[in-house]
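In UniProt numbering, the protein residues as written are 1 to 487.
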Amino acid sequence: MSIRKLISTIKKFHPEADTSMVELAYDFAKTAHAGQKRATGNEYINHSLATAQILAELKLSPTIIIAGLLHDVPEDTEYTLEDVKKNFGAEVASIVKGITKLSNIKYRGMDRYVENLRKMFVAMAEDIRVIIVKFADRLHNLNTLYALPANKQKRIAMESLEIYVPIANRLGIGELQSRLEDNAFKYAYPDEFMWVEQLIKKQVPIKTKTLNQMKTKLSNELKKESINFEEIYGRNKHYYSLFRKLLRFNRDISKIYDIVAIRVIVKNIADCYAVLGVVHNLWKPVKGRIKDYIAQPKPNGYQSLHTTVFGDNKEIVEFQIRTKKMHEQAEFGIAAHWEYKEGKNGPEKIKKEVAWVQDLAKWLKEVRDNESFLEGAKIDVFQNRIFVFTPQGEVIDLPDGATPVDFAYHIHTDLGNKCERAYINDQQISLDTRLKNGDVVQIVTAKKRKGPNPEWLKFVKTRTARQHIMNFRNKSWRNIISKFSKK
Ligand code: MN
Numbered sequence: 001m002s003i004r005k006l007i008s009t010i011k012k013f014h015p016e017a018d019t020s021m022v023e024l025a026y027d028f029a030k031t032a033h034a035g036q037k038r039a040t041g042n043e044y045i046n047h048s049l050a051t052a053q054i055l056a057e058l059k060l061s062p063t064i065i066i067a068g069l070l071h072d073v074p075e076d077t078e079y080t081l082e083d084v085k086k087n088f089g090a091e092v093a094s095i096v097k098g099i100t101k102l103s104n105i106k107y108r109g110m111d112r113y114v115e116n117l118r119k120m121f122v123a124m125a126e127d128i129r130v131i132i133v134k135f136a137d138r139l140h141n142l143n144t145l146y147a148l149p150a151n152k153q154k155r156i157a158m159e160s161l162e163i164y165v166p167i168a169n170r171l172g173i174g175e176l177q178s179r180l181e182d183n184a185f186k187y188a189y190p191d192e193f194m195w196v197e198q199l200i201k202k203q204v205p206i207k208t209k210t211l212n213q214m215k216t217k218l219s220n221e222l223k224k225e226s227i228n229f230e231e232i233y234g235r236n237k238h239y240y241s242l243f244r245k246l247l248r249f250n251r252d253i254s255k256i257y258d259i260v261a262i263r264v265i266v267k268n269i270a271d272c273y274a275v276l277g278v279v280h281n282l283w284k285p286v287k288g289r290i291k292d293y294i295a296q297p298k299p300n301g302y303q304s305l306h307t308t309v310f311g312d313n314k315e316i317v318e319f320q321i322r323t324k325k326m327h328e329q330a331e332f333g334i335a336a337h338w339e340y341k342e343g344k345n346g347p348e349k350i351k352k353e354v355a356w357v358q359d360l361a362k363w364l365k366e367v368r369d370n371e372s373f374l375e376g377a378k379i380d381v382f383q384n385r386i387f388v389f390t391p392q393g394e395v396i397d398l399p400d401g402a403t404p405v406d407f408a409y410h411i412h413t414d415l416g417n418k419c420e421r422a423y424i425n426d427q428q429i430s431l432d433t434r435l436k437n438g439d440v441v442q443i444v445t446a447k448k449r450k451g452p453n454p455e456w457l458k459f460v461k462t463r464t465a466r467q468h469i470m471n472f473r474n475k476s477w478r479n480i481i482s483k484f485s486k487k
């Protein structure tokens with residue numbers, strides 16, 4: 001780790017960048033943190049530098065890297081945010097301010113959890129770059145967790161898995177997500193980590209031989225067919241994602257086909273499908289395992305073609321085929337977008353793209369003072385979420401298990417209250433049907449309808465829907481009671 005390495009990483013991705021400010025920021029941070037040591041015994045500046053290095057490897061630009069170098073200055077040194085602003089400008093200062101705000105968590109236990117979460121969302125809604133620096137900061141903290149006492153290790157690791165990882169996932173930053181996961185996994189679930197580590201160490205060498213053989217076969221065939229490709233390589237599944245999958249398959253490793261996979265990177269979408277054709281010609285596809293995430297991207301924007309085949313040496317092997325652009329999206333997600341647009345439309349545009357973040361932030365602001373919501377907050381935010389569409393193509397973000405009634409209330413109270421029938425993809429369905437990702441949902445209202453059916457309480461999933469239905473029911477009761485008492 002050194003400033004020279006940092007500069008050369010920046011230059012690699014941004015040959016035209018002026019890095020003199022980065023060097024100044026390094027000197028500034030070094031002076032500010034002089035004499036401070038981390039729990040590992042290393043100079044504090046190493047942490048600042050490591051954070052900045054992670055950001056540089058995500059191909060981010062100097063502004064955010066400077067913020068990374070300075071992120072602990074106002075919090076931990078005698079230099080203030082004003083000093084940062086004077087020396088490095090308002091934009092850098094505003095990111096650093098956001099990070100400083102995130103580090104003041106007052107509470108313990110469940111309250112701490114919700115406060116943490118709320119602050120993350122608020123920061124994100126204000127400037128997504130704050131969160132990205134925070135991720136880099138957290139990742140280096142996880143890398144040096146060995147130096148902390150066991151109880152702290154566990155807390156920081158769990159917090160990373162429960163708060164940071166889902167957010168990284170939703171922002172589509174696969175690269176950060178898997179690194180955060182694997183580094184936290186070790187401390188959050190040590191026994192399970194060891195088990196998965198052993199499985200991988202046993203499986204990978206067996207599979208690698210087959211994989212190399214298949215890679216060569218495919219690349220020869222693609223050349224023969226004159227299909228261009230950029231790269232073919234094997235990728236190992238990350239520990240934590242394998243662990244989660246194992247839990248879904250009764251811990252049976254033989255059911256998991258993508259411990260290793262072959263990834264093919266091509267120039268354009270047509271080539272993706274052409275490669276898929278060649279793969280299926282060489283090896284018989286496993287039924288029901290072809291996934292077209294190009295035509296139907298995952299909610300976080302992930303695109304690729306996946307297929308699993310009966311490969312050589314009786315091994316079952318997964319292929320992932322994507323363009324270079326899709327690959328960048330998968331690794332860098334929102335960070336790739338943001339980078340791309342910086343200086344053109346600026347962060348404004350990004351804000352719009354993460355409208356769901358702002359919705360959540362708003363909602364968390366509303367509930368922050370209400371104790372009884374705390375338990376619910378955890379459930380609601382971390383249930384898996386689904387994305388459905390209005391007939392006009394607007395994306396609506398709902399918790400998994402949500403019904404058309406939840407959808408209606410999400411759009412407008414009146415639409416919920418007067419909801420009569422619902423259609424999914426033009427098929428009429430009952431109001432308690434569970435929505436699935438990608439459904440187009442249409443609600444038909446009845447003008448004469450007085451209000452929601454209390455029976456809906458049996459199946460609605462969102463707090464908004466539940467609250468509105470209960471309010472309405474309580475109001476009707478009050479009306480009945482008041483009529484009754486007048487008699
Ligand atoms: Mn830090």
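C-beta atoms are modelled at their ideal positions from N, C-alpha and C, and glycine is treated no differently. From a predicted model like this one, the values you see are computed outputs, not experimental measurements.
- From the listed residues Glu-82, Thr-9, Ile-290 and Asp-83, the smallest Cα separation to Leu-49 is found for Thr-9.
- For Pro-391, the CB contacts under 7 Å within the same chain, skipping 5 residues up- and downstream, are Val-440 and Gln-442 in chain order.
- Fully contained in the segment 1-46 are the following alpha helix (DSSP H) runs of length 4 or more, in chain order: 3-13 and 20-32.
- Distances from the CB of Asp-137 to the heavy atoms of the ligand MN include at least one below 6 Å.
- Here the alpha carbons of Ile-167 and Leu-102 stand approximately 15 Å from one another.
- Sequence-distant partners of Ala-136 (beyond 5 residues in either direction) whose C-beta falls short of 7 Å from its own C-beta, in its chain, are Thr-51, Ile-54, Leu-55 and Gly-68.
- Taking a C-beta distance under 7 Å as the contact criterion, His-468 and Thr-413 qualify as a contact pair.
- Linking Asp-258 to Leu-176 through their CA atoms gives a straight-line distance of about 20 Å.
- Take the alpha-carbon of Glu-225 and the one of Ile-65: they are about 44 Å apart.
- Cβ-Cβ distances below 7 Å link Arg-421 to Gln-428 and Val-444 in the same chain, with the five nearest sequence neighbours on each side left out; the list follows chain order.
- Asp-72 has its CB nearer than 6 Å to a heavy atom of the ligand MN.
- If you draw a straight line from the Cα of Tyr-44 to the Cα of Ala-147, it comes to about 14 Å.
- For Tyr-240, the uninterrupted alpha helix (DSSP H) run begins and ends at 239-248, by DSSP.
- In the DSSP annotation of this structure, the continuous segment of the beta strand (DSSP E) that includes Phe-310 starts and ends at 305-310.
- Assignment of Asp-439 by DSSP, reduced to helix, strand and coil, places it in the coil class.
- Residue environment analysis places Glu-159 among the buried positions, since at least 16 neighbouring C-beta atoms fall within 10 angstroms of its C-beta.
- Residues Thr-403, Pro-404, Ala-422 and Ile-424 of the same chain have their beta carbon placed closer than 8 Å to that of Thr-433, with the five preceding and five following residues left out of the count.
- Comparing alpha-carbon positions, the option among Trp-283, Asn-87, Lys-119 and Ala-270 lying closest to Tyr-164 turns out to be Lys-119.
- Following the DSSP letters along the chain, one finds Tyr-273 inside the alpha helix (DSSP H) bounded by residues 269-282.
- The C-alpha of Asn-313 lies about 9 Å from the C-alpha of Lys-209.
- Taking a C-beta distance under 7 Å as the contact criterion, Leu-305 and Leu-276 qualify as a contact pair.
- Residue pairing by DSSP places Val-444 opposite Arg-421 in a beta bridge.
- In the three-state reduction of the DSSP assignment, Ala-408 falls in the helix class, which pools H, G and I.
- Here Ile-269 has Ile-294 and Thr-323 as same chain residues with Cβ atoms under 7 Å from its own Cβ, once five neighbours each way along the sequence are excluded.
- Residue environment: Gly-416 is assigned as buried (16 or more neighbouring CB atoms within 10 Å of its CB, all protein chains considered).
- At the C-beta level, Cys-272 and Ile-321 come within 7 Å of one another.
- By the C-beta criterion, the segment 235-250 is judged to be in contact with the segment 173-192, since at least 3 inter-stretch pairs fall below 8 Å.
- For the set Val-279, Glu-75, Phe-459 and His-280, the Cα lying nearest the Cα of Asp-400 is the one of Phe-459.
- Within the DSSP bridge table, the entry for Glu-318 names Ala-261 and Thr-308 as partners.
- Leu-81 sits away from Lys-59, with the two beta carbons spaced by 7 Å or more.
- In this model, Glu-331 and Gly-172 are separated by some 7 Å (Cα to Cα).
- Bounds of the alpha helix (DSSP H) holding Tyr-187 are 174-188.
- The beta carbon of Glu-197 lies closer than 7 Å to those of Tyr-239 in the same chain, with the five residues before and after it left out.
- Bridge partners of Asp-83 according to DSSP: none are assigned.
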